[in-house]
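Under numbering that gives the first Met the number 0, the first residue of the sequence shown is numbered 0, with each subsequent residue one higher. What follows is a single structure, written as structure tokens, with notes after it.
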Amino acid sequence: MPDHRVVTIERFIVEQERLHPAATGELSNLLYDIALAAKIISGYVRRAGLVDILGSARQTNVQGEMQQKLDVLANETIKHAFEHTGRVCVMASEEEEGLIPTPAQFQPGKYVLLFDPLDGSSNIDVNVSIGTIFSIHRRLSPEGGPGTVQDLLQPGSKQVVAGYIIYGSSTIMVYTSGDGVHGFTLDPTIGEFRLLSPEIRTPACGRYYSVNESNYPRWTPGYRKAVSTLKGVDGTGPGRNCRYIGSLVADFHRNLVAGGVFLYPADTKSPQGKLRLLYECAPLAFIAEQAGGAATDGRRRILEVGPTTLHQRTPLVIGSKEDVALVERIVTETDGATA
Ligand code: AHM
Ligand code: MG
């Protein structure tokens, strides 16, 4: 029997807005903009291979990484979904070196948007889940004028909305506006995101650990010991199961739902870590905390790290609260509190 009590993302957002009488509706509209961009990108991802959008775009991005055609398409889709709306004053993307100003013909708005248009690019051509991550802040600069880089360089604790979309076996959008974490699944038969996972809570202690263990020889002794402990090598427990996809959004989502810890430590090849603070780690940290989990750079809460550059990297340990605390304790005891 089909379920007739369909709650679309639009309905959910409207109902949330009614709980906050002072709301202007602008945040709700930002979420609709994201949902629209997600549907368009999902359409591209689903047709990848059928039309000529797989493979390299034959250009590198600001990180020196080879861009895929889908990276470029996703980046353009998000920019075009927001630039004309009068809701954002400035944007920043993993795929662009500098800030993305609002074109002169459009009104700059009250919010700023940071995004990773297509995370897990190395998985695009092999049909493995990839995702989009987004983070929204209120602007700091005076309203009416152009947005500035300072508007973008805010700690994660100042986020007003953060979320991600996974293009996997289904397309799922998960977001928080500081009032719990909610998950929506795109129903392709009606073209709408439907609320299927309200109030997501993550287990305090997880089943999984997720890390690229090929980096083991380049980690500090603290991270080697922490991962050995998670595996149960030192006899302190039964050991956890390892799951690593190599797409942050998908690894994070699995651990959010099933419980677990994801680690991307600094190593001798990437002394600051690999993942980017503003549009990868901070939004996922906001979601983790809202779901009852935690996120740290090994010593500090990710949400308290003050960014100084747009593409700043950070080590990341994120997921179930007790697991994150365990890793943090072993790392600080072994490597020292300030190493
Ligand atoms: P990307 O933004 O260029 O796709 O890189 C980020 C990705 C994450 O999705 C993932 O967690 C990590 O890089 C995987 O890195 P590695 O291949 O070193 O394990
Ligand atoms: Mg990325």
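Where a beta carbon is used, it is the ideal one built from N, C-alpha and C, also for glycine.
| Check | Outcome |
| --- | --- |
| D32 CB to nearest heavy atom of the ligand AHM below 6 Å | no |
| Nearest-angstrom Cβ-Cβ length linking V127 and S246, presumed shorter than 8 Å | 6 Å |
| A91, DSSP secondary structure in three states | strand |
| Assumed close pair T313, L274 - CB separation to whole angstroms, cut-off 8 Å | 7 Å |
| E191 - DSSP class collapsed to helix/strand/coil | strand |
| Pair within 7 Å by beta-carbon distance, G259 and G205 | yes |
| Bounding residues of the beta strand (DSSP E) (the contiguous stretch that carries Y43) | Element bounds for Y43: not the beta strand (DSSP E) but the alpha helix (DSSP H), E25 to R46. |
| Three or more C-beta pairs below 8 Å linking the segment 318-327 and the segment 166-182 | no |
| Neighbour-count burial assignment, T131, 16 or more Cβ in a 10 Å radius | buried |
| CA-to-CA distance, G190 to P100, given in whole angstroms | 31 Å |
| Best match in G234, F114, A294 and L277 for proximity to P306 [C-alpha to C-alpha] | L277 |
| For C241, the residue or residues it bridges with in DSSP | Y208 |
| Counted within 10 angstroms of its Cβ, other Cβ atoms place R86 as buried (16 or more) or exposed | buried |
| Contact under 7 Å by Cβ, T76 with A36 | yes |
| Delimiting residues of the alpha helix (DSSP H) encompassing V148 | V148 to L151 |
| As assigned by DSSP and simplified to three states, the class of V304 | coil |
| Cross-strand partners of V160 (DSSP beta bridge) | I135 |
| P209 versus S227: straight-line alpha-carbon distance, rounded | The question names Pro, yet the displayed sequence has Ser at residue 209. One C-alpha to the other measures close to 13 Å. |
| Length of the line joining the Cα atoms of E94 and A249 | 20 Å |
| I123, enclosing beta strand (DSSP E) - first and last residue | Counting along the chain, I123 falls outside any beta strand (DSSP E), and DSSP gives it neither H nor E. |
| Cα-Cα separation between G221 and S269, rounded to whole angstroms | 16 Å |
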